[in-house]
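Student: For the protein sequence lines, the chains are A and B, in the order given.
As numbered in this note's numbering, residues 1 to 360 make up the first sequence, in order.
As numbered in this note's numbering, residues 361 to 720 make up the second sequence, in order.
There are 2 protein chains.
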Amino acid sequence: MKNKNYYAILMAGGVGSRFWPVSTQDFPKQFHDMLGTGDTLIQRTFDRLEQLIPKENIFILTNAIYADLVFQQLPEVTKRQVVLEPAMRNTAPCILYASLKIQKENPDAVIIVAPSDHWIEDEENFTQNVQQAFSFCESHEVLMTLGIQPTFPNTGFGYIEYDASSKEAIKPVQQFREKPSYELAKSFIRQGNFLWNAGIFLWHVKSVIKAFQSHQPELFELFESGIPFYNTDAEADFIAENYGKSENISVDYAIMEASKNVYVLPAQFDWNDLGTWGSLYDKLDKDHNQNAVVNARILSTDASGNMIRTKADKIIIVDGLKDYIIVDKDEVLLIVPKSKEQDIKKVLQDVKDKFGGHLG
Amino acid sequence: MKNKNYYAILMAGGVGSRFWPVSTQDFPKQFHDMLGTGDTLIQRTFDRLEQLIPKENIFILTNAIYADLVFQQLPEVTKRQVVLEPAMRNTAPCILYASLKIQKENPDAVIIVAPSDHWIEDEENFTQNVQQAFSFCESHEVLMTLGIQPTFPNTGFGYIEYDASSKEAIKPVQQFREKPSYELAKSFIRQGNFLWNAGIFLWHVKSVIKAFQSHQPELFELFESGIPFYNTDAEADFIAENYGKSENISVDYAIMEASKNVYVLPAQFDWNDLGTWGSLYDKLDKDHNQNAVVNARILSTDASGNMIRTKADKIIIVDGLKDYIIVDKDEVLLIVPKSKEQDIKKVLQDVKDKFGGHLG
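(1) Is the CB of Val-205 of chain A under 9 angstroms away from at least one CB in chain B?
(2) Leaving out the 5 sequence neighbours to the left and right, which residues in its chain are closer than 7 angstroms to Gln-174 of chain A when beta-carbon positions are compared?
(3) Please determine if the stretch 599–606 of chain B and the stretch 476–486 of chain B are in contact, where contact requires at least 3 C-beta pairs separated by less than 8 angstroms.
(4) Take Leu-222 of chain A and list the residues in its own chain whose beta-carbon comes closer than 7 angstroms to its own, dropping the five residues that flank it on each side.
(5) Looking only at its chain, what residues have a beta carbon closer than 6 angstroms to the beta carbon of Glu-595 of chain B, apart from the 5 residues adjacent to it on each side?
(6) Exposed or buried, what is Asp-302 of chain A when buried is set at 16 or more other beta-carbons lying within 10 Å of its beta-carbon?
(7) What alpha helix (DSSP H) runs, 4 residues minimum, are completely inside the stretch 116–202 of chain A?
(8) Which whole-angstrom value describes the C-beta separation of Glu-445 of chain B and Gly-373 of chain B, a residue pair presumed to lie in contact below a C-beta threshold of 8 angstroms?
(9) For Leu-640 of chain B and Ala-652 of chain B, what's the separation of their Cα atoms in angstroms?
(10) If you count every other CB in all the chains shown that lies within 10 Å of the CB of Phe-194 of chain A, and 16 or more means buried, which is it?
(11) Taking Cβ-Cβ distances shorter than 9 angstroms, what residues in chain B pair up with Leu-280 of chain A?
(12) Could you check whether Val-110 of chain A and Ile-9 of chain A sit closer than 9 angstroms to each other, using their CB atoms as the reference points?
(13) Comparing C-alpha positions only, which one of B:Leu-634, B:Ile-685, B:Leu-503 and B:Asn-621 sits nearest to Lys-400 of chain B?
(14) Within 9 angstroms of any Cβ in chain E, is that where the Cβ of Phe-355 of chain A sits?
(15) Helix, strand or coil: how does DSSP classify Asp-683 of chain B here?
(16) Any Cβ of chain A within less than 9 angstroms of the Cβ of Leu-395 of chain B?
(17) Does the distance from the C-beta atom of Val-264 of chain A to that of Lys-171 of chain A stay below 9 angstroms?
(18) Considering only residues of the same chain and omitting the five flanking positions on each side of Asn-557 of chain B, which have a CB-CB separation below 6 angstroms?
(19) Have a look at B:Ala-427, B:Ile-455 and B:Pro-414 and flag the residue whose alpha-carbon is nearest the alpha-carbon of Leu-562 of chain B.
(20) I'd like to know whether the C-beta atoms of Ile-42 of chain A and Val-70 of chain A end up nearer to each other than 9 angstroms.
(21) Do Phe-536 of chain B and the ligand NAP come close, with the Cβ less than 8 angstroms from some heavy atom?
(22) Restricting to Cα atoms, I'd like to know which of A:Asp-330, A:Ala-267, A:Thr-155 and A:Phe-134 is closest to Tyr-6 of chain A.
(23) Out of curiosity, what's the CA-to-CA distance linking Ala-92 of chain A and Leu-61 of chain A?
(24) Can you tell me where the beta strand (DSSP E) with Thr-45 of chain A in it begins and where it stops?
(25) Can you look up Asn-242 of chain A in the DSSP assignment and give me helix, strand or coil?
(26) Keeping to the same chain, check which residues put their C-beta closer than 8 angstroms to that of Asp-645 of chain B; ignore five residues upstream and five downstream.
(27) Using CA atoms only, rank isn't needed, just tell me which of A:Val-318, A:Val-130 and A:Gln-103 is closest to Ile-685 of chain B.
(28) Does chain B have any CB closer than 9 angstroms to the CB of Glu-24 of chain A?
(29) Mind listing the chain A neighbours of Arg-657 of chain B? Cutoff is C-beta to C-beta under 7 angstroms, in chain order.
(30) Using only CA atoms, which one of B:Pro-475, B:Glu-501 and B:Leu-506 lies nearest to Val-490 of chain B?
(31) Can you tell me which of the three DSSP states His-204 of chain A falls into?
(32) What residues match up with Phe-387 of chain B in a beta bridge as DSSP calls it?
(33) If you follow the beta strand (DSSP E) that Leu-694 of chain B is part of, which residue opens it and which one closes it?
(34) Using a C-beta to C-beta distance shorter than 7 angstroms, which residues of chain B count as neighbours of Asp-323 of chain A?
(35) Flag Pro-729 of chain B as yes if its beta-carbon sits less than 9 angstroms from any beta-carbon of chain A, otherwise no.
(36) Give me whichever residues DSSP pairs with Phe-307 of chain A in a beta bridge.
This is the structure we're talking about:
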């Protein structure tokens, strides 16, 4: 019997443009089967959370244009669970809005906020870590996060610095650190009390709302004024009229960095943000030439270390390429070295500039 | 007013498997717009011949399975002009058969036999050379060929050795030489009296039939017995019953190499057999990075010398490839170095062995 106070807010509004041409504005990464397993990333994330959380308590936060994709891919989800942003306003406004809705239906809720497009394979440790954090949130007025043990000085992530002297499993956070330089990242790793910020937050609903009230009073007032309408027929009108007025601000900046009662549990599961084709390559099975192949049937000669994706069953003959990203879609074929994976956002912009705007 | 005795036999039964995956058994090279001009190769060849030859006198020789493609692409052609081989039997049987049909309707015919899938741009010189050869064939009992001035010691073509002492424009042929070794090809070029055999033959209909009668008496008897039925409703039955009995033999071997009255006119037009992706590359316009791009829209970085073909308007982003063949079709993507263009037949075989037979 799952705990009816357990809730999740799945963040599903991003675009993942470094996975272009597969991930596009119209059909972003979280709705694709990036791993070639038969499930899309949001389906896998939903399944993972459902181990612990009643499925009717899993809310999906996304942009209005993705509503159809959500209902197609998660047919067990009802309209009540899909919270649509009428405009892009970063993470703070939509998390506050969803939290007020949840509080109105269950003032005892504890909530995990999690991205819908990350890779976590070890469901058992994940579930156990979330359970442990939920228990802490139920008995303490805190804002929590799960931090990822860094494996190398990645300059693409934010870091969480915790109190090195703490002997507890759940540790007080000293500060959030923005994406560091390489030198700084190396010193973080040397020091040992730094974790990657994976955007996974946990809290009691009253704690997060109190944090917004203290640190973002304007934003709080805006959404507080809607409480009489949430979970009623009048909600849509209120949101359509007011959502656009909210500030464009991240939840990290809005409440986490400003609060004193922030705690972190170092995660005991493997994690990958699937942020680039190269990180996807790392998580996929390889053939005997170290090519990671999704959907395609490959005939290769002197080709190794490549990340290859096509539509289902397409035959690809590759001779002589090493460490390339080869992605074929109906209207676009991308052949670039893995070392340039960070440039794909720029490539997409160049394509839009050169050929017009409908392809991203 | 075109000469009503002028005839052409267009050879359109080949498959062009080195142009796989574009050229396939079901849809061979001659029916594709390989040059990206808007016309298929057979359409361009038909137009070129029509400068000199009445269009109702241009016969298309092809396999029965390509009949629909011929009528689609050459809508002005009637059923009478399309001679269908019910089985693959190389060039001699079908040329003899078509010649007997033509002789029955016009015993004064002079005929050019020409491939349907080659590149010849200079229509004026082509027309003039054909005119000159036709006149010679009308006044002499000869078998003629147009030979191509070699530009390098190509080991992929047969050569025609002519009498170096001849002062005439049209020269007696001494012998046909099969595909030579590289050393031998170099000596041919050094000697100067060697031309490439492009498979372009010209003769009076009575000369070619007499040559078959002399050198291939069995084949001649087989098809001679059908004369009462040709160009009548009974023809199809006769061919269905008898065509398969004919020997599998090329026209070169059947009559040209065996005859003494063979003459060659060195061609005054540029010619390319479009035999491989590399030879197609040579004939296409290049962008400023020396990439030849058919149909695709390209965004390239450090990519040069590539032969690229996709479906219409597909966007391709290529970073770092040099001298590659990149061909994308719906079900197949080929990425191989141009230096391996001769291996594409083998690649096709490997693909069939590994993934099944329907893709060639």
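Yeah, the Cβ is synthetic: ideal placement off N, Cα and C, and Gly gets one too.
All values derive from a computational prediction rather than experimental measurement.
Tutor: According to the data block:
(1) no
(2) Glu-161, Tyr-162 and Asp-163
(3) no
(4) Asn-242, Lys-245 and Ser-246
(5) Phe-589
(6) exposed
(7) 123–139 and 182–191
(8) 6 angstroms
(9) 9 angstroms
(10) buried
(11) Within chain B, no residue comes near Leu-280 of chain A; the closest Cβ sits about 18 angstroms away, beyond 9 angstroms.
(12) no
(13) It is Thr, not Lys, that sits at residue 400 of chain B in the sequence shown. Selected option, being the one with the closest Cα: B:Leu-634.
(14) Protein chains in the displayed structure are A and B, and chain E is not among them.
(15) coil
(16) no
(17) yes
(18) Gly-518 and Ile-520
(19) B:Ile-455
(20) yes
(21) The ligand content of the structure shown is nil, which means the ligand NAP is not present either.
(22) A:Phe-134
(23) 12 angstroms
(24) From DSSP, Thr-45 of chain A is part of no beta strand (DSSP E) but of the alpha helix (DSSP H) over 41–50.
(25) helix
(26) Ala-652
(27) A:Val-318
(28) Looking at the sequence provided, one finds Thr at residue 24 of chain A rather than Glu. No, because no Cβ of chain B sits closer than 9 angstroms to the Cβ of Thr-24 of chain A.
(29) Phe-355
(30) B:Leu-506
(31) strand
(32) B:Thr-384
(33) 692–697
(34) The contacting residues do not exist; Asp-323 of chain A stays about 10 angstroms from chain B at best.
(35) Shown here, chain B extends from 361 to 720; a query on residue 729 of chain B therefore has no answer.
(36) As written in the sequence, residue 307 of chain A is Met, which differs from the Phe given in the question. Partner(s): A:Ala-292 and A:Ile-325.
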